[in-house]
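Protein chains in written order, with the working numbering: chain D, 18 to 477; chain C, 18 to 477. By construction, the Cβ of each residue, glycine as well, lies at the ideal position given by its N, Cα and C atoms. Given the structure is predicted, the values throughout are model-derived calculations rather than measurements. Report on the following structure.
Following this line, the structure appears as structure tokens:
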């Protein structure tokens, strides 16, 4: 309802002035500031040109980097925007905290891990705010709970339930740049929670949605979304734009540039996303509903994930409920399963293979071992040191034979395929991890994605 | 009102069972647990034997130290107490944060410094709670705001306005050890604040008062309150007990073992304090209303502060309001002045000397320079590298000549005296910092305080 009224006011504004929501219009906004500011939150929403910027851990990894980020934020501010900045913990600081916790307790309590890890972003917001002060700008920092970010009562990977935009809006109205701690929130019970991996992206997108921001800029160590990881494919090409669905597949497939939950939130709330570099000043990649598809390209990107394990459970009873029992048991133990293959050799038993993240292999084997009686299998085989390469593109839907072409290219490059999975806009193959670079480069070339110049990666 | 009802219930309990509030009575408490637990917060308050323990930065300076503290806390828990533990930031972690802030901003905003520094205790509470879990105990951590510690809306050195005991009591009722972040609170406006230097002591004492705790134990790197700093006087002797007033003078005079505000809070709320070591297991020093005065001792301790500066403002107009104008200006700039001496050479002008902490010297000179016209003095002289030595003892009131004896001893030890200040229970002299050890040892010996054994100092 709140979101609706925001959208309404924005669409009215654009109709009246006949301009696109993507155009920067400080003069126009000044007009609105003067006429609408008085209306406050209770009346028709005043229209601010809010830009949400998110800077990851590498971007704020040192005092110098924080000062650099402050200068970038000030550019946006001086261009006439109201700025909300979301930051992650500095560089490796989260890892250091995790190490200390593990030294004390091999399986630390998740509530206490949240208490511990949320200090990382709190340090970043304070330091960035000081750097903004030093540049002569008004600025204020806010923890997740101060910024009204309410989550489910779950520790370690809570989902945002809602955001009260008032605390941030009140500070923006006073002309301040608002610096918000990413990755964290609180519950109705006043417990501190975290949003799990990539949570700062989600914080930024959700804040952008609740504030009805013009756009959400995700600053990272690459200059945008690439046709493949530039660290592996030197000829990777930056996309000018990509659709939410393609980005979602890429994100889910391990393209680390954006977290899938953030993309999902952006898609659901129609938040205009821009992925750009905090290291160099060049246009990034827009993520939006209708992307200007790269002309003539069936595949728009090649993704990979280098840490995959394959598990095979043999001779399970071949009857209704077997699959359900197996995967319910794994889900209850918070194990994410990716590709699943069922094969039947003899009538009354079945072999089931599936892939998990390499990180989860040990835990998965333990869970299977502990549930051997319940699941009544014969044995568990496993294979690690695997990777997954995927091609993604909305153009696949209307181009049959893309999967066959992929298998052919991998075979030509002498890459064995262990498992296969497909969706309408992607094909994934599990291969030996040692073959990842060859596979990704072969596919990138074969599907015509190579650029003429080499991509530059910063801070990695 | 709430406090009153707690006191009432405790006094009833002790009358009924005819035991002193200082006696540990787990069996008795179990009786109360069984009969009164049901009554909850709404009815007559159940009587818990709550002990508040406070551990400083050195005591939680490493993972090993935190594990050691956890074992200490568990001892108290297993003796039948409900335990509330207040901790400071780990070792030098606050200094590291301050250094980063100063690198970004020479005079960082105090609100943002509070945001930054409060992360230090938040790390400690999470890690200590994990260590308690690892020992098989139920425990939960709480930030200052989660523990209901409400302060004035001042950053950097807020005073506690009130504490809502409910959040802590609710967790204690569930059988948990509650680990609270020292040094921090929040305002009615949801701003994070800090209590200034020594704030964790104050947190512990204020919590003990609001929870009507049996006692508040301050764990530090010495085994109690000594007749002098054992790091300087090897023959320093541990006091079995000391009165609030004496402790207050000692604390104000730079005996770092307890913060003056904590002592003041303890005195005002009648909180039984015990100062003891987190490194060794031996009885500490009780701080209480009527101390068992050490027999025949006029002086109960020698304190010192090694970082003092003396400032002289010459030829100020000798008229009403001069002193007030000078010291109001300094107070407005948050400069704490200690000893003040006014001397008049000619009828119409006056020289004023005062001492400040060495840390404040630069700022003081700046403030005086910036207000030269308003204060209309001729010049400002200053001297740093000074120290203050003080003798403290309630026995002085009835023993004239103690100050004269002190001057005589310092003179015998060839220590020049720059300034003097006295109160009913102390005499302070400002001397060259290089003479501190000689002066303190000479006074300690002269006033009969030497022990037969040498004191042991840990973790320094």
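* Which chain D residues are close to residue 114 of chain C, counting only those with a beta carbon under 8 Å from its beta carbon? -> 140
* Asked: Hey, out of C:394, C:221, C:404, whose CA is closest to residue 376 of chain C's CA?
  -> C:404
* Taking contact to mean at least 3 C-beta pairs separated by less than 8 Å, is the stretch 198-211 of chain C in contact with the stretch 237-251 of chain C? -> no
* To do: Note down the Cα distance separating residue 155 of chain D from residue 192 of chain D, rounded to an integer number of angstroms.
  => 7 Å
* Asked: For residue 80 of chain C, which residues in chain D fall below 9 Å Cβ to Cβ?
  -> 117, 120, 121
* Give a yes or no on whether the C-beta atoms belonging to residue 240 of chain C and residue 254 of chain C are separated by under 8 Å. => no
* To do: Over the uninterrupted alpha helix (DSSP H) stretch that includes residue 112 of chain C, give me the two end residues.
  => 110-121
* To do: Would you mind stating whether residue 411 of chain D and residue 430 of chain D have Cβ atoms separated by less than 8 Å?
  => no
* Measuring only between beta-carbons, confirm whether residue 150 of chain D sits less than 8 Å from chain C. => yes
* **residue 187 of chain D, buried or exposed, once every other Cβ within 10 Å from all chains shown has been counted against 16** => exposed
* May I have the straight-line CA-CA distance separating residue 282 of chain D from residue 275 of chain D, to the nearest angstrom? => 12 Å
* Is residue 70 of chain C closer than 8 Å to residue 90 of chain C when the C-beta atoms are compared? -> yes
* To do: Within 10 angstroms of the Cβ of residue 229 of chain C, are there 16 or more other Cβ atoms? Answer buried if so, exposed if not.
  => buried
* For residue 402 of chain C and residue 334 of chain C, the rounded distance between their alpha carbons -> 29 Å
* Asked: What is the DSSP secondary structure of residue 201 of chain D, counted as helix, strand or coil?
  -> strand
* Asked: At a Cβ threshold of 8 Å, is residue 158 of chain C touching chain D?
  -> yes
* N- and C-terminal bounds of the alpha helix (DSSP H) containing residue 150 of chain C -> 127-151
* DSSP state of residue 72 of chain D mapped onto helix, strand, coil -> strand
* Along the chain, where does the beta strand (DSSP E) that runs through residue 356 of chain C open and close? -> 354-360
* To do: For chain C, find out if any of its Cβ atoms is closer than 8 Å to the Cβ of residue 18 of chain D; answer yes or no.
  => With a pLDDT of only 25 at residue 18 of chain D, under 50, the local geometry of the prediction cannot be trusted, and no value is derived from it.
* Asked: Using the beta-carbon of each residue, which ones in chain C are nearer than 7 Å to residue 129 of chain D?
  -> 143, 146, 147, 158
* Asked: So, does the CB of residue 224 of chain C fall closer than 8 Å to a CB anywhere in chain D?
  -> no
* Should residue 67 of chain C be flagged as near chain D, meaning a C-beta pair shorter than 8 Å? -> no
* Asked: Which two residues bound the contiguous beta strand (DSSP E) that contains residue 366 of chain D?
  -> 366-374
* **Test: residue 210 of chain C CB closer than 8 Å to a CB of chain D** => no
* Output yes or no for whether 8 Å exceeds the beta carbon distance between residue 358 of chain C and residue 423 of chain C. => no
* Answer yes or no: do residue 258 of chain D and residue 303 of chain D have a C-beta to C-beta separation smaller than 8 Å? => yes
* **Cutoff 8 Å; reference residue 378 of chain D; Cβ partners in own chain excluding five residues on either side** => 326, 328, 399, 401
* Mind checking which residues open and close the alpha helix (DSSP H) that includes residue 286 of chain D? => 277-286
* Pick from C:73, C:456, C:98 that is closest to residue 86 of chain C, judged by C-alpha positions -> C:73
* Mind checking whether residue 142 of chain C and residue 197 of chain C have CB atoms under 8 Å apart? -> yes
* Asked: On the premise that residue 453 of chain C lies in contact with residue 323 of chain C, defined as a C-beta separation below 8 Å, what is that separation, rounded to the nearest angstrom?
  -> 6 Å
* Asked: Should residue 139 of chain D and residue 132 of chain C be called a contact, given that it needs their Cβ atoms to be closer than 8 Å?
  -> yes
* Using a Cβ-Cβ cut-off of 8 Å, state whether residue 126 of chain C counts as contacting chain D. => yes
* Among the residues of its own chain, which have a CB less than 8 Å from the CB of residue 293 of chain D, if the five just before and after it don't count? -> 234, 235, 236, 237, 240, 241, 299, 300, 301, 302
* To do: Tell me the start and end of each unbroken alpha helix (DSSP H) in the stretch 155-228 of chain D that is at least 4 residues and wholly inside, in chain order.
  => 183-190, 216-227
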